[in-house]
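Some notes on the structure that comes next.
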Amino acid sequence: MDEGPGGLRGSPPGPFPVRIAAHEEGDRVAELELRGITKRFPGVLANDQIDISVAKGEIHALMGENGAGKSTLMSILYGLYQPDAGEIWLRGERRRFSSPIEAIDAGLGMVFQAFKLFPSLTVAENVIYREEVTRRGLLDHREANRRVTEIADRYGLAVDPTARVERVPVGVLQRVEILKALYRDAQVLILDEPTAVLTPQEAERLFTILRALADDGRTIIFITHKLKEVMAISDRVTILRDGRAVASLTTRETTAAEITRHMTGRDVELRAWPVTRPAGAPVLTCEGLSATGDDGRVVLDSVDLTVRAGEIVGIAGVAGNGQTELAEVIAGLRTAAGGVVTIAGTEVSRAGVAARRKAGLAYIPEDRHGVGTAPTADATDNLSLGHHRSGPLVRRGVLQRGQMVERARELIARFQIKIAGPGTMVGTLSGGNLQKIVVAREMAYHAPLLIAEQPTRGVDIGAIEFVHQQIAQYRDGGGAVLLISAELSEILNLAQRILVMFEGRVVAELDAATATESELGLFMAGGGTGISAVTTVDGTESEHAR
Amino acid sequence: MSVETTDVGMPAPSAPADRGRRRGPWPILRRAAMSLLGPAPVSIGLALVLGGVVIALAGADPITAYRVMGEGALTGPGLVNTFQRAVPLVGMALALAVAFRAGVFNLGGEGQMVLGGLAGTVVALFVPGPGLLVMLLAFAAAVLAGGLWGALSAVLETRLAVPILISSLLLSYPARYFSSYLVRFPLKEKGSSLVATEPVPEAVRIPSLLSESSPLGAAIARALGPENILVRLTSTLDWSLVVVALLIVAVLVFNRRTPAGFEAGITGLNPHFARYAGVRTDRLKVSTMFVSGGIAGLVGIMLVLGSQIRLVDGALIATNYAWTGLLVALLAGSRPLRVAVAGAFFAAIIVGGEAMQRSAGVSAQISQLIQAIVIVLIAIRVQVTWRRRAKSTVREQSDDLGRV
């Protein structure tokens, strides 16, 4: 193995012998060790003297709130960033990766949240890319397929090597990414929030695979927000907070509560928010709503639903089963192919966004960077857009800049947004604080209807609780909420009724009080009977052919 | 709009930018001054050094050449000339800046200007009536012609998904050749060697700010002497200076003080966000292109009724104001006050370059080379600060590694 340039230049600081990790017992060498990793960005200390040691065959969870420094740390490990200080030790050797290619060559593999695959190529072609199997200079597809199948079989990664990636479901794409890393003989596998796109069943399956990999002596680091996963699968867990590693714990010796305390610095418990009053009149009704996706496929197939005042209706489903399109169609961002939408008594089936908002719609979109904010604009502008056509922000057709700033200040204080001031660009905020900007703006409409789409995705626990509380208060104040979430606990904690979407249809309606995660998971994966009974709001039963 | 208030050059997250947003004209003036004192002079200095090397290599004395350049652009008749160039240049840059700020890339300023000039000239030549009224009618016709031509590009994009970037550029050609045809044949002045229309009636021409023949102008000229710079400026420059100044104020007010201007700015920053919040982005594109093309058309007719007197075939295009204006708008980040500053600066460079060529023995190509070096270096500076800003924005968002 070649030594990194830093390895040649100097010996590691500290009194310990070079080849032995400081806090490893005996002479066992850690598979991977990060020592004093420090990374500074203008105005932010992203990583502050982080030490992490991971043993061979260990599943190591990396937890922390948004902006805690997880991504920066993994980017440094993977050669995307150079640390300002600190060292990376792999199997007792100091390494320095100036690019991901060097990291890959050293036996690191990374599975990103957004998969990096060629959609038009087959699974096997994606896996062997850059390490092609050739015979006399030509690609040897047979051999490639054979090798891919062999690796897949060894770890239970069921994939068809000849399938085109564009036709393969998300859960399988992830397996392709893992295969890619294994094909390059990655000894250390890093996974960034691997379960975010999976059903509970698929997640279970992934855990089995990860276990098999660990048993085979491979080392796994996975970034996650989900405590349950940490408890279920990891051997050890490191918690980052404000750029520092605040704790490294052995999972079976710790508790979820302890981990949470380390993450947030306080005791947080995600609680349920039960209703206090019965639901009132219908605020949102959709009848026979259909739509096609950007590629012309049917993404919404005659969806009926009703949300009443003072009620939260949860839409559960694995990402990509029509939930996003449902929200877009209701909000007026996507044209419906058919169906009727009524918001607070006004029929808006053909209306544009502005008319629907006027009729009483507030909307927290899934994509807060791309849709929910203008990241390069300041907080004042981001909090004012939409409110700028009426009320105190406009007087006799003139925009009241002072009022805008004043109101922004007020919302920042009320929603406890951590930001330097109303004039700060919101793109600099952490995920949780950016989300609070969106939530604050949409809540401020006091609209009868709120669509909350993945309102806490990628947000830290403190912010999750805050957002949940806001949504519950909204409901208790008589608001109707359509909550679309991939997070089952979120739906179970907040919603009164749960609709499950699968392939563009509502396949089940459940009472949140009695529904269980496994029951939901079954419907989300397309399980259940051929014809599922869907209870409509009136209590009558209607049948939906599947 | 925040774009108007946060200094592009200094993305300091620790210093709340809203400090400077307080009332009164002082922050605006201070910021304008800051943008001049920022790192821009460094790149200008660097450009002058590089240019000096080029001049020396071409066999002339750099110091003399620069002295000639400065004097030629900023003193006496040169200053008048600089102002004369700056007015239409700033006007064109403003036209494009209005579009750029809303995220609409109008590359068809040339065609819109030409059609505006054409329509206005036709009105000026053939509509009878009192001079001032006809002039205003000509202005209106020019705005309408340029505006509709611009709006056509927007409709092509919103209805047929032809990018404005492409259609606006391509639509300039039919506009040019149509105008050229009319000027060469139906509208050509009979018996003249010029390929041009007849001169527009005296009464319809844009008067100078303070004519020497008017009693007040004559009195001032007598008091200060005909060589006085103020007298020169007011007697040579016409009212289009005032029109462009008013336009700058109007755009500033629109950007900062109207709901529509606010929406346009946000749309430029993130059209998805704007649409989600209820902005009709398609309609906004059309109206933005109308305004942008309209201003370009107005600049066209003001050139005809102000200095050129008649529509000369190809004369509006030969000024190159549309393309230099594009550079000005880009360098100014589409902000009206900066457009004015950058436009004046470009005009000075051009005029100074010509002076250098006339009296310092530096060839036209060398003087243009120096202009180009200055432009490139400033563009780099702007680009670098933009990138730096973008980077500091992206970093924090990249909590999921997929975005890194």
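Going down the list, the protein sequences come from chains L and W. When we follow UniProt numbering, the leftmost residue of the first sequence carries the number 1, and every step to the right adds one. When we follow UniProt numbering, the leftmost residue of the second sequence carries the number 1, and every step to the right adds one. We put the CB at the ideal spot given by N, CA and C, even for glycine.
Can you tell me which residues form a DSSP beta bridge with Val-341/L? Cys-286/L
For Val-251/W and Leu-311/W, what's the separation of their Cα atoms in angstroms? 28 Å
At the 8 Å Cβ level, is Pro-62/W part of the contact set with chain L, yes or no? no
What residue from Ala-495/L, Thr-238/L and Arg-350/L has the CA that sits closest to Ile-259/L's CA? Thr-238/L
Answer with yes or no whether the minimum CB distance from Leu-160/W to chain L is below 8 Å. no
From which residue to which residue does the alpha helix (DSSP H) around Val-143/W run? 131-160
Nearest neighbour of Leu-303/W, chosen from Phe-105/W, Ala-56/W and Val-200/W [CA to CA]: Val-200/W
Under 8 Å between C-beta atoms of Glu-212/W and Ala-219/W: no
Taking the alpha carbon of Thr-424/L as the reference point, which residue from Ala-245/L, Thr-285/L and Asp-381/L has its own alpha carbon closest? Asp-381/L
Which chain W residues are close to Leu-399/L, counting only those with a beta carbon under 9 Å from its beta carbon? Arg-256, Arg-257, Thr-258, Pro-259, Gly-261 and Phe-262
Using Cβ-Cβ distances below 8 Å, what residues of the segment 265-295 of chain W are close to chain B? Absent here is chain B; the protein component of the structure consists of chains L and W.
Indicate whether Met-69/W and Ala-355/W have their beta-carbon atoms separated by less than 8 Å. yes
Measuring straight from C-alpha to C-alpha, what distance separates Leu-165/W and Val-104/W? 8 Å
Tell me whether Ser-349/L, by its Cβ, gets closer than 7 Å to a heavy atom of the ligand SAM. No copy of the ligand SAM occurs in the structure displayed, which carries no ligand at all.
Looking at the structure shown, is Trp-323/W part of a helix, part of a strand, or coil, going by DSSP? helix
Check whether the Cβ of Ala-362/L lies closer than 8 Å to any Cβ atom in chain W. no
Can you name the residues that DSSP bridges to Gly-109/L? Leu-189/L
Chain W contact for Val-534/L (CB, 8 Å cutoff): Reliability fails at Val-534/L, whose pLDDT of 45 lies under 50, so the model's placement of it is uncertain and the value that follows must be treated cautiously. No, Val-534/L lies away from the interface with chain W (no Cβ there is under 8 Å from its Cβ).
Chain W contacts made by the segment 202-220 of chain L, where a contact means CB separation under 8 Å: none
Checking 8 Å against the spacing of the C-beta atoms, do Val-176/L and Val-133/L come in under that value? no
Rounding to the nearest angstrom, what Cα-Cα distance links Leu-361/L and Gly-479/L in this structure? 10 Å
In chain order, what residues of the same chain lie with their CB nearer than 8 Å to the CB of Thr-162/L, ignoring the 5 residues before and after it? Thr-122, Val-123, Ala-124 and Asn-145
Are there 16 or more other CB atoms within 10 angstroms of the CB of residue 547/L, so buried, or fewer, so exposed? Any property of residue 547/L remains undetermined from this structure, which presents chain L solely from 1 to 546.
Using the beta-carbon of each residue, which ones in chain W are nearer than 7 Å to Arg-389/L? Pro-259
Alpha carbon of Gly-526/L to alpha carbon of Phe-502/L, nearest angstrom: 6 Å
Three-state secondary structure (DSSP) at Thr-82/W? helix
Show which residues of chain W have a CB atom less than 7 Å away from the CB atom of Arg-175/L. The premise fails here: Arg-175/L is roughly 17 Å from chain W at the closest Cβ pair, so nothing lies under 7 Å.
Suppose only complete runs of 4+ residues qualify. What are the alpha helix (DSSP H) ranges in the segment 369-442 of chain L, listed by chain order? 379-384 and 401-414
Closest to Phe-139/W by CA distance: which of Glu-263/W, Ala-296/W, Asn-228/W and Val-376/W is it? Ala-296/W
Just tell me which of Ile-50/L, Tyr-155/L, Ser-98/L and Gly-322/L has its CA closest to the CA of Ile-178/L. Tyr-155/L
What does the Cβ neighbour count give for Ser-14/W, buried or exposed, with the cut at 16 atoms within 10 Å? Bear in mind that a pLDDT of 35 at Ser-14/W, under 50, signals an unreliable position, so the number given afterwards is only what the model happens to contain. Label assigned to Ser-14/W: exposed.
Run through DSSP, which three-state label would Thr-219/L get? strand
Can you tell me whether Phe-502/L is helix, strand or coil according to DSSP? strand
If I measure Cβ to Cβ from Phe-207/L and keep anything under 6 Å in the same chain, skipping five residues before and after, which residues do I get? Ile-233
Between Ala-359/L and chain W, is there a C-beta pair that is closer than 8 Å? no
Candidates Ser-167/W, Pro-226/W and Tyr-173/W: which alpha carbon is nearest Gly-314/W's? Tyr-173/W
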